[in-house]
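Student:
Chains as they are written, first to last, in our numbering: chain A, 1 to 292; chain B, 1 to 368.
1) So residue 372 of chain A and residue 59 of chain A are in contact, right, with Cβ under 8 Å, and what is the actual spacing, rounded?
2) For residue 27 of chain B, which option in B:186, B:290 and B:200 has the closest C-alpha, if you only look at C-alpha atoms?
3) Quick one: what does DSSP say residue 305 of chain B is sitting in, helix, strand or coil?
4) Could you check which residue in A:71, A:82 and A:44 has the C-alpha nearest to that of residue 236 of chain A?
5) For chain A, find out if any of its Cβ atoms is closer than 8 Å to the Cβ of residue 39 of chain B; answer yes or no.
6) If residue 173 of chain B sits next to residue 99 of chain B, beta carbons under 8 Å apart, how far is it from one beta carbon to the other, in whole angstroms?
7) Mind listing the chain A neighbours of residue 81 of chain B? Cutoff is C-beta to C-beta under 8 Å, in chain order.
8) Which residues in the same chain have their Cβ closer than 8 Å to the Cβ of residue 157 of chain A, if we skip the five residues on either side of it in sequence?
9) Any residues in the segment 186-220 of chain A with a beta carbon nearer than 8 Å to a beta carbon of chain B? Which ones, in chain order?
10) Determine the contact status of residue 207 of chain B and residue 36 of chain B, defining contact as a CB-CB distance below 8 Å.
11) Would you mind working out which of A:15, A:26, A:275 and A:136 sits nearest residue 164 of chain A, comparing C-alpha positions?
12) Does chain A have any CB closer than 8 Å to the CB of residue 87 of chain B?
13) Tell me, please, whether the CB atom of residue 144 of chain B is closer than 8 Å to any CB atom in chain A?
14) Is residue 230 of chain B helix, strand or coil by DSSP?
15) Output the residue ranges of the alpha helix (DSSP H) runs that lie fully inside the segment 45-74 of chain A and measure 4 residues or longer, sorted by chain position.
16) Tell me the start and end of each unbroken alpha helix (DSSP H) in the segment 185-213 of chain B that is at least 4 residues and wholly inside, in chain order.
17) Looking at the structure shown, is residue 21 of chain A part of a helix, part of a strand, or coil, going by DSSP?
18) Name the two residues that bound the continuous beta strand (DSSP E) containing residue 322 of chain B.
19) Report, in whole angstroms, the separation of the C-beta atoms of residue 104 of chain A and residue 196 of chain A, which I expect to be a contact under 8 Å.
20) To the nearest angstrom, how far is it from the Cα of residue 17 of chain B to the Cα of residue 214 of chain B?
21) Residues in the same chain with beta-carbon distance under 7 Å from residue 118 of chain B, minus the five sequence neighbours each way, listed in chain order, please.
22) Rounded to the nearest angstrom, how far is the Cβ of residue 57 of chain B from that of residue 9 of chain B, given a contact under 8 Å?
23) What does residue 50 of chain B reach in chain A if we use C-beta pairs closer than 7 Å?
24) Tell me, please, which residues DSSP counts as bridged to residue 77 of chain B.
25) Ordered along the chain, which non-local residues of its own chain (more than five positions away) have a Cβ less than 6 Å from that of residue 277 of chain B?
26) Taking Cβ positions only, does residue 78 of chain B come closer than 8 Å to chain A?
27) Name, going along the chain, the residues of the segment 97-114 of chain B whose beta-carbon falls closer than 8 Å to a beta-carbon of chain A.
28) Could you work out which residue in A:271, A:185 and A:257 is closest to residue 51 of chain A when comparing CA atoms only?
29) Using the Cβ count rule (16 or more neighbours within 10 Å means buried), how would you classify residue 84 of chain B?
30) Helix, strand or coil, according to DSSP, for residue 254 of chain B in the structure here?
31) So for residue 291 of chain A, helix, strand or coil by DSSP?
32) Could you please give me the residues that DSSP links to residue 329 of chain B through a beta bridge?
33) Measure from the C-beta of residue 286 of chain B to each C-beta in chain A and report whether the shortest distance is under 8 Å.
34) Whose CA, out of B:309, B:365 and B:327, lies closest to the CA of residue 338 of chain B?
35) Thinking C-beta only, is residue 82 of chain B closer than 8 Å to residue 171 of chain B?
36) So if I threshold CB-CB distances at 8 Å, which residues from the segment 119-131 of chain B count as touching chain A?
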């Protein structure tokens with residue numbers, strides 16, 4: 001703020017505030033340090049990393065590592081780069097996010113506006129699913145996927161993530177719609193709109209903020225998931241598993257620059273989603289929690 | 001058989017009965033107001049007429065057709081909600097024609113109906129705005145417009161004015177009344193405001209604890225309340241209810257009542273079917289106790305009463321005077337320029353023609 005010295009309430013504790021801000025800046029720098037290291041080293045030739053300082057800027061800027069990570073690096077036994085796995089991830093994450101968000105919205109709509117006997121129990125059980133650790137469901141899920149004939153395929157992964165995400169998306173939408181006036185639904189009923197028409201024309205148009213929350217949450221979780229991908233991915237493994245295979249390979253020279261580039265590539269989509277929609281994320285989180 | 005028949009309707013939630021055998025016939029063009037405190041079941045009854053709540057017992061019929069179990073949209077009713085319930089994502093025009101659209105009315109016809117109603121309510125210039133950009137009064141008009149566009153058999157109003165500020169509420173009240181006089185539609189209107197009930201209605205149903213206490217014209221309700229509850233609920237300030245004893249002297253019936261000094265005073269009763277010695281509750285409206293100059297000249301039974309004034313409250317048009325009568329605070333309504341001061345013993349004129357007697361045990365009115 002302005003540096004004009006004034007004898008007012010706003011001027012008190014200026015030193016304390018400057019101190020707090022300094023500490024915050026230091027924390028932010030510390031937090032950003034790994035990103036800096038990754039970014040800087042991904043643009044260096046490998047010799048510069050092995051022979052020099054991790055913190056230094058590159059002497060020779062090169063995109064070689066990025067190209068290698070994307071299309072030629074050895075992933076497991078094939079020198080395919082991360083590209084096919086990136087595609088797998090996209091094919092998995094887009095339908096999984098879309099389906100779980102839409103189903104969550106419908107669940108929230110039913111649980112708040114079409115109450116039925118025992119609806120609290122249903123919601124409670126769905127909420128409970130948010131707290132089930134991944135590891136517990138691995139074996140039952142493997143059996144289910146096998147029986148459905150979806151084991152080791154992208155649709156199988158989509159199903160796993162939809163089921164697992166439903167608890168969260170339902171929670172978001174239920175809380176958001178709980179604050180939505182029921183009189184509007186009643187008015188629409190009198191106007192002659194049916195179940196889906198009310199959802200589509202009345203509720204969905206005002207669900208923007210919470211849909212963004214749901215999409216960001218689901219996208220981040222599904223994209224970053226490793227365990228399900230490694231367990232059920234089969235031949236169509238997602239990006240995270242491929243990155244692991246790239247970085248953890250035990251043969252040959254460790255190409256740190258390629259690893260850094262690959263890691264950034266794997267993190268990029270969630271970063272983009274957050275930057276594009278992050279503003280709405282905070283707003284939507286608040287919208288659900290406080291009654292308007 | 002009326003236009004809208006409510007026959008022995010009951011409502012229970014599990015074991016709890018919230019409406020007890022409500023029986024009301026509404027004629028075409030009537031303006032029925034359901035009035036009562038919160039929780040009396042008036043909104044529940046309205047929602048049952050609308051079809052938003054199931055009917056536990058009895059029947060509701062509109063135009064002779066029993067509508068129990070008929071979907072709200074197929075009852076040909078329209079409802080104005082307390083919160084207006086305007087769809088926030090649609091423009092005013094879309095809000096108003098949404099119902100017609102859902103009923104498959106073609107666009108040109110919808111536009112014609114919209115234009116007509118918008119003109120009637122003077123909201124033509126608002127049609128492209130979103131509800132968020134409207135003031136409270138404008139939203140209220142749009143909500144009414146949405147109901148009018150559908151041209152329903154029965155209009156249902158659920159406390160439509162309670163979200164407006166005091167002045168606007170009075171204006172809109174007049175507006176609703178004008179609209180009713182112009183369109184001659186059948187209206188069922190729920191409110192907890194007894195003034196709204198009195199001014200708007202052709203008939204009032206006073207409700208309490210799930211029972212209809214009294215059903216009648218505003219004048220019947222006001223002048224001959226069925227019981228102490230109705231007497232004190234309708235009218236502001238409330239009717240004075242004073243414990244008294246019937247005394248027969250020289251062939252005339254009197255109510256004996258203690259004044260502010262604790263001395264007995266006799267007020268001659270117009271009602272004669274009371275036994276000597278009978279305990280009653282005497283109901284006198286504040287405006288029936290005045291200064292002698294302000295007394296109703298057409299009344300055949302003005303009784304003079306000397307009593308000490310406790311408090312005076314000038315309210316502009318009237319002055320409210322509080323005194324102790326029958327051991328209770330009693331309010332009199334005076335002309336603004338009646339010269340009366342606190343602490344003074346004042347000569348009141350009581351219009352006993354307007355007094356009503358209640359049974360102290362049942363609290364029901366003892367009809368003359």
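Even glycine gets a Cβ: it sits at the ideal position worked out from N, Cα and C.
Tutor: This is what the structure holds:
1) Limits of chain A in this structure are 1 at one end and 292 at the other, which puts residue 372 of chain A out of reach.
2) B:186
3) strand
4) A:82
5) no
6) No, residue 173 of chain B and residue 99 of chain B are not in contact; Cβ-Cβ is about 25 Å, not under 8 Å.
7) 183, 186 and 187
8) 92, 96, 228, 229, 232, 233, 236 and 238
9) 186, 187, 188, 189, 190, 191, 192, 193, 197, 201, 202, 205 and 206
10) yes
11) A:136
12) yes
13) no
14) helix
15) 46-51 and 64-67
16) 194-200
17) helix
18) 318-325
19) With a Cβ gap of about 16 Å, residue 104 of chain A and residue 196 of chain A do not count as contacting.
20) 19 Å
21) 124, 127 and 145
22) 7 Å
23) 190
24) B:154
25) none
26) yes
27) 98, 99, 102 and 103
28) A:257
29) buried
30) strand
31) With a pLDDT of 37 at residue 291 of chain A, under the threshold of 50, the modelled position of that residue is not reliable, and the figure given next carries that caveat. Three-state result, residue 291 of chain A: coil.
32) B:324
33) no
34) B:309
35) no
36) none
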